[in-house]
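A.B. asks:
Protein chains: 2
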Amino acid sequence: MSTDIAVLSQATMKRACEAYIERTNAGDAAGLVALFATNAVIEDPVGSPPKRGTEIASWFADSVAFGARIFPVGPVRGSHSNEAAFAFDVEFTPPNGVRLRIRSIDACRFDEEGKITSLRAFWGPDDICPAH
Amino acid sequence: MSTDIAVLSQATMKRACEAYIERTNAGDAAGLVALFATNAVIEDPVGSPPKRGTEIASWFADSVAFGARIFPVGPVRGSHSNEAAFAFDVEFTPPNGVRLRIRSIDACRFDEEGKITSLRAFWGPDDICPAH
Numbered sequence: 012m013s014t015d016i017a018v019l020s021q022a023t024m025k026r027a028c029e030a031y032i033e034r035t036n037a038g039d040a041a042g043l044v045a046l047f048a049t050n051a052v053i054e055d056p057v058g059s060p061p062k063r064g065t066e067i068a069s070w071f072a073d074s075v076a077f078g079a080r081i082f083p084v085g086p087v088r089g090s091h092s093n094e095a096a097f098a099f100d101v102e103f104t105p106p107n108g109v110r111l112r113i114r115s116i117d118a119c120r121f122d123e124e125g126k127i128t129s130l131r132a133f134w135g136p137d138d139i140c141p142a143h
Numbered sequence: 012m013s014t015d016i017a018v019l020s021q022a023t024m025k026r027a028c029e030a031y032i033e034r035t036n037a038g039d040a041a042g043l044v045a046l047f048a049t050n051a052v053i054e055d056p057v058g059s060p061p062k063r064g065t066e067i068a069s070w071f072a073d074s075v076a077f078g079a080r081i082f083p084v085g086p087v088r089g090s091h092s093n094e095a096a097f098a099f100d101v102e103f104t105p106p107n108g109v110r111l112r113i114r115s116i117d118a119c120r121f122d123e124e125g126k127i128t129s130l131r132a133f134w135g136p137d138d139i140c141p142a143h
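In the order they appear, the protein sequences are chains A and B.
Going by my numbering, the letters in the first sequence line up with residues 12 to 143, in that order.
Going by my numbering, the letters in the second sequence line up with residues 12 to 143, in that order.
#1: Check whether the Cβ atoms of L43 of chain A and S74 of chain A sit closer than 9 Å, and answer yes or no.
#2: Going along the segment 128–139 of chain A in order, which residues come within less than 7 Å of chain B, judged by CB to CB distance?
#3: How far does the beta strand (DSSP E) with V52 of chain B in it reach, from first residue to last?
#4: According to DSSP, what are the bridge partners of D117 of chain A?
#5: Under the DSSP definition of a beta bridge, which residues are partnered with K62 of chain A?
#6: For F103 of chain A, is the beta carbon positioned less than 8 Å from some heavy atom of the ligand ATP?
#7: Output yes if chain A places a C-beta closer than 9 Å to the C-beta of T23 of chain B; else output no.
#8: Taking 9 Å as the threshold (C-beta atoms), are S129 of chain A and C10 of chain A in contact?
#9: Just how far apart, CA to CA, sit S90 of chain B and I127 of chain B?
#10: Among A:H143, A:F133, A:A142 and A:E124, whose alpha-carbon lies nearest the alpha-carbon of T23 of chain A?
#11: For C28 of chain B, collect the residues of the same chain with a Cβ closer than 7 Å to its Cβ; drop the 5 residues on either side in sequence, then sort them by chain order.
#12: Is there a Cβ from chain B that is less than 9 Å from the Cβ of E94 of chain A?
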C-alpha cells in the first residue's frame with residue numbers, strides 16, 4: 012500500500028504534478044523526463060503496455076511534437092502516502108492532423124527524492140473526442 | 012497491470028461510479044455496500060489502513076450518518092482495462108459538528124461482474140477544509 016517509505020510532503024508531490032502540467036504546456040520534453048525517476052513506469056492509458064526508459068523520452072518527444080496542452084480540472088489531490096492524482100483535459104494533434112481532446116485522471120507515485128516512479132493515466136476509448 | 016480479465020464496458024464501470032455518487036447523496040448505505048465485491052478493499056485515503064468486509068459496511072454507515080454529499084468535478088474517466096477514476100468534492104459532518112469538505116479523486120478496480128474490488132481515494136491532509 013505504498014507506506015514503506017517516508018511520506019513526502021504534500022507540497023513536494025503537488026509541485027511535481029503541477030510541473031508536469033507546466034512542462035507539457037511549455038513544450039519541454041527534457042523537463043518532463045527530468046520529473047521521472049530512472050526506473051519509472053508510465054501506463055498511459057491504464058491497460059496499455061507500460062513504457063520505461065527510452066520509451067518515456069520518446070513518449071514526451073511525441074507529446075511535444077503533437078502540441079499537447081493540458082487544462083487542469085480542479086487542484087491536485089495528495090494522499091497520506093507517497094502518491095498524488097490530478098484531473099485534466101489534454102488537447103493534442105496526432106500525425107493525422109485532427110486535434111483531439113482527452114479527459115484524463117493521472118495518478119502518480121513518488122520516490123524519496125520526489126521523482127515520479129509510476130504514472131497511471133485513467134482514460135478510456137470514450138474519453139477522447141475531437142477538440143473544438 | 013490489471014489486464015488479466017476481460018475488459019468491462021466503459022459504460023458498466025462509469026455507471027457504477029455514478030451509482031457510488033448517487034447512493035452517497037441518497038444516504039443509502041446498503042446501496043453503497045452492494046456496489047462492492049465481497050472481497051473488496053477500500054483505501055480511503057490512500058496511505059491509510061485498508062478496510063474490508065464489515066469494516067466497509069461500518070464505513071458507509073458512518074458516511075450516511077455524517078450526511079456525506081458528493082459534488083462531481085468533471086465526468087468519470089474509464090481506462091483500457093477494468094479500472095475507472097473520478098474527481099469530486101465531498102462534504103460531511105463528523106461527530107464534532109463542524110461540516111468539512113474534502114477534495115478527492117477515487118480510483119476503482121472492477122471484477123467481471125462490474126462490482127468494485129478496490130477503491131483508492133487520493134486526498135491528503137491539506138485537501139480537507141471547512142465546508143462553507
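Idealized CB from N, CA, C, for every residue including glycine.
C.D. replies: Per the coordinate set shown:
#1: Yes; because the gap between Cβ atoms is below 9 Å, this pair is in contact.
#2: Result list: F133, W134, G135, P136, D137 and D138.
#3: V52 of chain B -> beta strand (DSSP E) spans F47 to E54.
#4: In DSSP, D117 of chain A forms a bridge with A:F97 and A:A132.
#5: K62 of chain A pairs with A:I53.
#6: With respect to small molecules bound, the structure shown includes none, and the ligand ATP cannot be examined in it.
#7: So, not an interface residue.
#8: In the structure as shown, chain A starts at 12 and stops at 143, and residue 10 of chain A therefore has no counterpart that could be examined.
#9: Each residue's Cα considered, the two are about 15 Å apart.
#10: Comparing Cα-Cα distances from T23 of chain A to each of A:H143, A:F133, A:A142 and A:E124, the minimum goes to A:E124.
#11: Counting only Cβ-Cβ distances below 7 Å, and skipping sequence neighbours, we find V87, A95, F97 and C119.
#12: Interface residue (Cβ-Cβ distance to chain B less than 9 Å): E94 of chain A is classified as such.
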